[in-house]
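Chemist: Please see the structure below; I have some questions.
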Amino acid sequence: MQNHFDVIVIGAGAAGLTAGIYLSRAKVNTLILNEGAIGGQMVLTHEIANYPGVESISGYELARIMKSQAQKFGCTIKSNLKITNMNLQNEIKEITVNNKDVYTSSAVIIATGGKSRTIGSPGEDQFKGKGISYCATCDGDFFQNKEIVVVGGGNSALEEAVSLTKYASKVTIIHQFNHFQAFEHYVDEANNNPKISFIMESKIIEFTGDEKLSKVKIQNLATNEISEMEIAGVFIFIGYVPNTEKLDGIIELNEWKEIIVDKTLATSLKGVYAAGDSIAKRYRQVTTAVADGTIAALSAAEYINSLKKESVLA
Amino acid sequence: MLKTNLTHVLSEQEHAKLLQENENVMICCGRMGPMCIPVYESMEELENEYKNIKFADMEFDMPDARIIRNLPECRSFQGLPFVVYYKNGNVVKATSSIQSKEQITDILDKQFGKN
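Chains as they are written, first to last, in the numbering used here: chain A, 109 to 422; chain B, 230 to 344.
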């Protein structure tokens, strides 16, 4: 069958591409199907300085190399498509793309990654790119000498708030809790920066403006008091949510909609493995995604071999 | 020059020529950054499907990119990339920040007709 592969990998981020590299190099006929851009969350990082063996590289460049490595070993990659149906329960897995093309395989690796969490308050969609941004290095220079807000309390929020002080005249960090989740050195750096101030235990409940964002409405979560702040820009760094909506009810997910896996990265369905940011785990880094991709690929390859042995014995 | 497989617009003159020679044009003005790369990728793929549209990019930081940066339609934009759609030399749509392939396809179908 022309559209049949040994393994289909869903997702072409660090985990998916690594799985593609390992499987293809082991002569396992592999197809990667990817809904977004190649590289996933990795391309959102301008500089990766802690990837072992590489002193400094952009996320885009690392993704480009991984893609080319996978293709060089014979991996087929189809990107920017829409997965419209998945039948993973049977021995032969079926994945429908764009409501018309059906691909089948004996094993599937789910590496669908995650996406930036949005606040979900009124006005957020309307002012995306017109005052609201999710990328400090992309859009920071639009806010030269302007007052901006950073939302979040993790490492990304604190680190980006400090980096945005290169452009903005004042950065206010708004965080929903009374403490930060970020590492202490990021918190110290933000605390010691004279351009940064903090509004704790609060959240933005509305974004307003005309053509551009000009004001946010803030609710104090301790007192329920609502205030308004005139602002030129808001940068949102409140973590990621796993891309597992299409898997709900098909494979076992935890309360945060992350895929539950065992130590071989097998999911609750036979022949279906998962890797990267979409699985239940503590640390989400390019290096951990690469490790997951490797484990899932080796497990899937072993599963494929066991099926082949079974068919020989039968 | 941007590292894409799209036609690169390198000057105001090239921009004018592109609009003169093509009825339907989509230009993505950006950098090699995380919000821009997915848009270039979508355009590279759509280029094969939409033969009636000219797809091009322009480096946001080159001085001649003011032809896009200063468009009235981009006045409120504060997120890269700036993507502009032209029909017969006139701006028919402009977007700021990342757009999915689906969103881009919707705009192309609406502004230039379904492929």
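Don't be surprised by glycine CBs; every beta carbon is placed ideally from N, CA and C. The structure displayed is predicted, hence computed values, not measured ones.
#1: When you compare the CB positions of A:N263 and A:A244, do they come within less than 8 Å of one another, or not?
#2: Would you please state the rounded distance, in angstroms, between the beta carbons of B:P263 and A:L152? I believe it to be under 8 Å.
#3: Where in the segment 134–168 of chain A do unbroken runs of the beta strand (DSSP E), each at least 3 residues long, occur, reported from the N-terminal end onward?
#4: Contact check, A:V210 vs A:I412 under 8 Å by CB: the rounded distance?
#5: Quick one, which residues of the segment 150–162 of chain A are near chain B if we go by CB-CB under 8 Å, in chain order?
#6: From A:E314 to B:E302, what distance separates their C-alpha atoms?
#7: Listing by chain order, which chain B residues have their CB less than 7 Å from the CB of A:N188?
#8: Closer than 8 Å by beta-carbon distance: list the chain B residues that pair up with A:A145, in chain order.
#9: Starting from the C-beta of B:D286, find all residues in its chain whose C-beta is less than 8 Å away, skip the five residues before and the five after it, and write them out in chain order.
#10: Please check the pair A:G384 and A:V216, which I expect to be a contact at CB under 8 Å, by giving their CB distance rounded to whole angstroms.
#11: Please check the pair B:E241 and B:I296, which I expect to be a contact at CB under 8 Å, by giving their CB distance rounded to whole angstroms.
#12: State the Cα-Cα distance for the pair A:L141 and A:K417, rounded to the nearest angstrom.
#13: Buried or exposed: which applies to A:E268, given that a residue is buried once 16 or more other Cβ atoms fall within 10 Å of its Cβ?
#14: With DSSP as the reference, label A:Q179 as helix, strand or coil.
#15: Taking beta-carbon pairs under 7 Å, can you tell me which members of the segment 237–263 of chain B lie near chain A?
#16: Between A:F345 and chain B, is any beta-carbon pair separated by less than 8 Å?
#17: Tell me which residues of the segment 279–311 of chain B have at least one Cβ-Cβ distance to chain A shorter than 8 Å, keeping chain order.
#18: As a quick exercise: from B:V254, B:L300, B:R304, B:D293, pick the residue whose alpha carbon is nearest that of B:K280.
#19: For the segment 249–276 of chain A, which residues have a CB atom closer than 7 Å to at least one CB atom of chain B, in sequence order?
#20: Going by DSSP, which residues form a beta bridge with A:T184?
#21: For B:M287, report the span of its beta strand (DSSP E) as first-last.
#22: Closer than 8 Å, CB to CB, is A:C243 near chain E or not?
#23: What residues in its chain sit with their C-beta under 8 Å from that of A:I358, if we drop five residues either side in the sequence?
#24: Just to make sure I have the definition right: I need the residues of chain B whose C-beta is within less than 7 Å of the C-beta of A:Y348. Which are they?
#25: Check whether chain B comes within 8 Å of A:G341, counting only Cβ atoms and requiring the distance to be less than that.
#26: Pick from A:Y168, A:T375, A:E169, A:K186: whose alpha carbon is nearest that of B:E274?
#27: DSSP on A:M109, reduced to helix/strand/coil?
#28: Against A:G167, what residues of chain B qualify as contacts under a CB-to-CB distance less than 8 Å, listed in chain order?
#29: Alpha carbon to alpha carbon, what distance is there between A:S132 and B:Y314?
#30: A:K236 versus chain B: which residues are under 9 Å apart at the beta carbon?
#31: Measure from the C-beta of A:E319 to each C-beta in chain B and report whether the shortest distance is under 8 Å.
#32: Whole angstroms are fine: how far does the CA of A:A404 sit from the CA of A:K254?
#33: Between the alpha carbons of A:V342 and A:E232, how many angstroms are there, rounded?
Modeler: The structure says:
#1: Taking 8 Å as the cut-off, the beta carbon of A:N263 is found no closer than this to the beta carbon of A:A244.
#2: The beta-carbon separation of B:P263 and A:L152, rounded to 4 Å, stays under the 8 Å limit for a contact.
#3: With a minimum length of 3 residues, the continuous beta strand (DSSP E) runs that stay inside the segment 134–168 of chain A are 138–141.
#4: A:V210 to A:I412, Cβ: 20 Å. No contact.
#5: So the list reads V151, L152, T153, H154, given in the order they occur along the chain.
#6: The alpha-carbon of A:E314 is positioned some 25 Å away from that of B:E302.
#7: Here the neighbours are E270, S271, E274, K330.
#8: The answer, in chain order, is I266, P267, E270, S271.
#9: Sequence-distant partners of B:D286 (beyond 5 residues in either direction) whose C-beta falls short of 8 Å from its own C-beta, in its chain, are L231, T233, L235, T236, H237, V238, I256, C257, C258, G259, Y269, M272.
#10: Distance from A:G384 to A:V216 at the Cβ level is roughly 14 Å; contact not present, criterion being Cβ atoms closer than 8 Å.
#11: Right, their Cβ atoms sit about 5 Å apart.
#12: Distance between the alpha carbons of A:L141 and A:K417: 27 Å.
#13: Label assigned to A:E268: buried.
#14: Three-state DSSP puts A:Q179 in a helix.
#15: Residues M261, G262, P263.
#16: No, no contact with chain B.
#17: Taking a C-beta cut-off of 8 Å against chain A, the contacting residues of the segment 279–311 of chain B are R304, S305, F306, Q307, G308, L309, listed in chain order.
#18: Ranking the options by Cα distance to B:K280, first place goes to B:V254.
#19: Those residues of the segment 249–276 of chain A that come within reach of chain B (Cβ to Cβ, closer than 7 Å) are F250.
#20: Beta bridge pairing from DSSP links A:T184 with A:L139.
#21: Following the DSSP letters along the chain, one finds B:M287 inside the beta strand (DSSP E) bounded by residues 283–288.
#22: Protein chains in the displayed structure are A and B, and chain E is not among them.
#23: Result list for A:I358: M194, L196, Q197, L377, in chain order.
#24: By Cβ distance, chain B contributes nothing, its closest Cβ being about 14 Å from A:Y348, past 7 Å.
#25: So, interface residue.
#26: Of the candidates A:Y168, A:T375, A:E169, A:K186, the one whose C-alpha sits nearest the C-alpha of B:E274 is A:K186.
#27: Because A:M109 sits at a pLDDT of 49, beneath the cut-off of 50, its placement in the model cannot be relied upon, and the following sentence gives the value as read from the coordinates. In the structure shown, A:M109 sits in coil (DSSP, three-state: anything other than H, G, I, E or B).
#28: Simply P263.
#29: For B:Y314 and A:S132, the distance between alpha carbons rounds to 40 Å.
#30: Taking the beta carbon of A:K236 as reference, the chain B residues within 9 Å of it are G308, S325, S326, I327, listed in sequence order.
#31: A:E319 counts as touching chain B.
#32: Each residue's CA atom was taken as its position, placing A:K254 and A:A404 some 47 Å apart.
#33: Rounded to whole angstroms, A:V342 and A:E232 show a C-alpha spacing of 10 Å.
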